[in-house]
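Just add 136 to the spot in the sequence shown (first one is 1) and you have the numbering used here. Here a beta-carbon is modelled for each residue, glycine too, at the ideal position from N, C-alpha and C. Have a look at the structure below before the remarks.
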Amino acid sequence: MSRELDILALYGLFVLVLIVIQVLFAISQVGLARLAQPRDDMPRLTGVAGRMERCVTNSVVALALFAPAVLILAERGALTGGTLLAAQVFLLARLAYAVLYPAGIPWARTGVWSLGFLATAWLYLAAF
């Protein structure tokens with residue numbers, strides 16, 4: 137398996153860990169019984185719990201964009217040193233984002249989000 141695919145697997149596992157952390161914050165805010173009920177009238181999560189919820193949503197979207205790019209490159213045999221660097225930048229940016237967003241640090245969060253986005257775009261461009 138290529139290192140880019142390893143990074144994809146690591147990021148997928150990381151998103152699973154983020155989901156568990158987010159659920160724990162949600163439980164601490166609204167309780168397990170409330171989370172087990174239908175979400176139609178669920179109160180909005182606030183503070184760190186709300187930021188964790190949004191961080192998870194953003195991380196899942198990033199995974200949904202990153203995975204096809206890596207899989208296309210792997211299937212085409214188009215993995216290079218440049219694609220590995222882009223995957224590494226993506227992973228490091230997303231790890232930093234998952235710390236900065238819940239901490240409420242806006243400009244740094246935006247910067248690392250942009251790095252991850254540009255790294256993903258580079259992977260798609262490398263497919264052509």
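With a 10 Å radius around the Cβ and a threshold of 16 neighbouring Cβ atoms, glutamine 165 comes out buried.
Assignment of leucine 181 by DSSP, reduced to helix, strand and coil, places it in the coil class. Contact check for leucine 199 against threonine 256 fails: the beta carbons are separated by 8 Å or more. Beta-carbon to beta-carbon, leucine 236 and alanine 244 are separated by about 5 Å, close enough to satisfy the 8 Å threshold. Across the structure, valine 196 and alanine 145 are spaced so that their CA atoms are roughly 13 Å apart.
DSSP places serine 164 inside the alpha helix (DSSP H), whose first and last residues are 139 to 166. The C-beta separation of alanine 263 from alanine 214 comes to about 6 Å, placing the pair in contact by the 8 Å criterion. Between threonine 193 and leucine 209 a beta carbon distance of about 26 Å is seen, past the 8 Å cut, so the two are scored as non-contacting.
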